């Protein structure tokens, strides 16, 4: 195979770790494509393939509260885009460094450090808006020079190899060599125009979504200042520097946007940030000491309960349950309908196997927020732990009628159906799980296996559902074969 130039659009942001010491995963940020190079179907499949590589290589945070919050910020921005028909997937990686990346198919990832090191929700939104702009402005297709013979699995494997290289350069080069067959090489390339356009479009998204546009240049300026403490600049700054001119330009553009009397700020932002800080320490005792110092530093002034909430979560992770319970009880006296406080209080009880009390708190929360994804998933998990799979199944299926199910949903539903004595339904849920995981062939095999079973055999209605999903999965598999994503 001849050498292939593959543009990897790095919009990653790197800075020193603040609250934790973990292996850094400095992920590449990959731009988007237009139909002239990738068909929409190819692009969607490439994004899914890359996401599957990320799931295998990176420590993705699967906390429903964090996932739901980042999704809400992302889609608040996407809803205000000129291209708001593009589907997006937002997620957070458990890494303390500041970094963010975008990939084909609307894949946008953030390191936990991006949220932790932001000082406002608008700063965080500025990073997300920048990445969304890379996708909507079709930067990969406009900048890449790529041979048309590059297959989707080859590209996905190459992206995965580059992902490995960010963790272990030697292993990464070995993986790239294996993918290339000794000949392919990837070239990291940037254009200043693309970054400036992402800044400009991102600022528009911030203004339209009622975030403070100054959040973007403010965060970039912070990143540049932090980099001065390094003897060698982070890879992003070396490959694509945050120049003074670029920051000045974004500041001027943001300042030119008429100021509003107030900007919409989610009450969840500081709580999610505190949660990430609490979970970011290797040793929970260090997290406890951090929040205690913070409370002393502000002279015990914590009107919104953010620092006490962080301390409660740190105590929970350190198994100091009595202290966590007392803090959360006091917070709920002040804010009895705060979803984060209620979920944390229920988790304290569940960790100690005090299931009746945990369920009581979840029931109280359910009356307030019946369709709130974190409530449904956490409540279902606790019901399964408590040996009540039937109620967990009913809760999940009710939620699934109105919401878009995901991997966690089908994971819990598979277990709930199996433990409720419904192996056919469990197998169907399991097939959906594999399909969403990108394992279409396994999903098909799972459904075919159910059909062949005599005890228990699917009833008429189950058989109709299975046949409909089987036909859909087989159609999807054929597309994967046509795109050479899998073998025939």
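Residue numbers (the numbering used here): 22 to 509.
Every residue gets a Cβ at the ideal spot worked out from N, C-alpha and C, and that includes glycine.
For clarity, every value in this text was computed on a predicted model and none was experimentally measured.
Mind reading off the beta-carbon distance from residue 286 to residue 142? Whole number of angstroms is fine, and I expect it under 8 Å. Within the chain shown, residue 286 is the residue found at index 265, counting from 1. Within the chain shown, residue 142 is the residue found at index 121, counting from 1. Their Cβ separation, rounded to whole angstroms, is 5 Å, which keeps residue 286 and residue 142 in contact under 8 Å.
Using C-beta distances below 8 Å, list every residue in its chain close to residue 151, excluding the 5 sequence neighbours before and after it, in chain order. Counted from its first residue, the chain shown places residue 151 at position 130. For residue 151, where only same-chain residues beyond five positions count, the Cβ hits under 8 Å are 32, 121, 219, 220, 223 and 237.
Using only the alpha-carbon positions, how far apart do residue 346 and residue 330 sit? The residue given as residue 346 occupies position 325 in the chain shown. The residue given as residue 330 occupies position 309 in the chain shown. Residue 346 and residue 330: Cα-Cα distance of roughly 11 Å.
Pairs of beta-carbons, one from the region 357-369 and one from the region 380-398, closer than 8 Å: are there three or more? yes
Kindly provide the ranges of any alpha helix (DSSP H) runs that are 4 or more residues long and lie completely inside the region 102-165, ordered along the chain. 133-137, 142-157 and 160-164
According to DSSP, is residue 82 part of a helix, a strand, or is it coil? Translated into the one-based positions of the chain shown, residue 82 becomes position 61. Reduced to three states, the DSSP call for residue 82 is coil.
Can you confirm whether the region 122-137 touches the region 427-438 when touching is taken to mean that 3 or more C-beta pairs between the two stretches lie within less than 8 Å? The answer is no - the region 122-137 does not touch the region 427-438, with fewer than three Cβ pairs under 8 Å.
Select from 154, 293 and 235 the residue whose C-alpha is nearest the C-alpha of residue 107. Position 86 of the chain shown, counted from the start, is the residue given in the question as residue 107. The option with the nearest alpha carbon to residue 107 is 154.
Residue 145 versus 104, 449, 158 and 93, residue with shortest Cα-Cα distance: For this step, residue 145 is matched to residue 124 along the chain shown. Minimum Cα distance to residue 145 is reached at 93.
Whose CA, out of 492, 225, 88 and 300, lies closest to the CA of residue 279? Here residue 279 corresponds to residue number 258 of the chain shown, with the count starting at 1. It is 225 whose Cα lies nearest to the Cα of residue 279.
In whole angstroms, give me the CA-to-CA distance for residue 420 and residue 442. Position 399 of the chain shown, counting from 1, holds the residue named residue 420. Position 421 of the chain shown, counting from 1, holds the residue named residue 442. Residue 420 and residue 442: Cα-Cα distance of roughly 21 Å.
Following the continuous alpha helix (DSSP H) through residue 515, name the residue where it begins and the one where it ends. Past the boundaries of the shown model lies residue 515; the chain is included only from 22 to 509, so the question cannot be answered.
Less than 7 Å between the beta carbons of residue 138 and residue 114, yes or no? Translated into the one-based positions of the chain shown, residue 138 becomes position 117. Translated into the one-based positions of the chain shown, residue 114 becomes position 93. For residue 138 and residue 114, no; Cβs fall outside 7 Å.
Tell whether a beta-carbon distance below 7 Å holds between residue 447 and residue 453. Here residue 447 refers to the residue found at position 426 of the chain shown. Here residue 453 refers to the residue found at position 432 of the chain shown. Their beta carbons are not under 7 Å apart, which means residue 447 does not touch residue 453 by this criterion.
Beta-carbon proximity list for residue 497, same chain, < 7 Å, skipping 5 on both sides: Taking the chain shown and counting its residues from 1, the one referred to as residue 497 is at position 476. The answer, listed in chain order, is 461.
Of the choices 265, 311 and 424, whose alpha-carbon is the least far from that of residue 239? Residue numbering aside, residue 239 sits at position 218 when the chain shown is read from its first letter. Comparing Cα positions, the closest option is 265.
Relative to the alpha-carbon of residue 412, which residue among 428, 384 and 395 has its alpha-carbon at the smallest distance? Stepping through the chain shown from its first residue, residue 412 is reached at position 391. The alpha carbon of residue 412 has as its nearest neighbour, out of 428, 384 and 395, the alpha carbon of 384.
How about residue 95 and residue 156: do their beta carbons lie closer than 7 Å? Sequence index remark: in the chain shown, residue 95 carries index 74 (1-based). Sequence index remark: in the chain shown, residue 156 carries index 135 (1-based). No; because the gap between Cβ atoms is not below 7 Å, this pair is not in contact.
Three-way DSSP call (helix, strand, coil) for residue 488 in this model: Position 467 of the chain shown holds residue 488. Helix, per DSSP.
Look at residue 277 and residue 308 and say whether their C-beta atoms are less than 7 Å apart. Counting from one through the chain shown, the residue named residue 277 turns up at place 256. Counting from one through the chain shown, the residue named residue 308 turns up at place 287. No.
Residue 334: first and last residue of the uninterrupted alpha helix (DSSP H) it sits in: Mapped onto the chain shown, residue 334 falls at position 313. Where residue 334 is concerned, the enclosing alpha helix (DSSP H) stretches over 327-338.
Helix, strand or coil, according to DSSP, for residue 493 in the structure here? Against the chain shown, residue 493 aligns to sequence position 472. Here residue 493 sits in helix by DSSP.
Can you give me the Cβ contacts of residue 503 inside the same chain, cut-off strictly under 7 Å, excluding the 5 residues immediately before and after it? By 1-based counting over the chain shown, the position of residue 503 is 482. Closer than 7 Å at the Cβ level, and outside the excluded window around residue 503, lies no residue.
Starting from residue 432 and walking both ways along the alpha helix (DSSP H), at which residues does that stretch end? Stepping through the chain shown from its first residue, residue 432 is reached at position 411. Start and end: 428-440.
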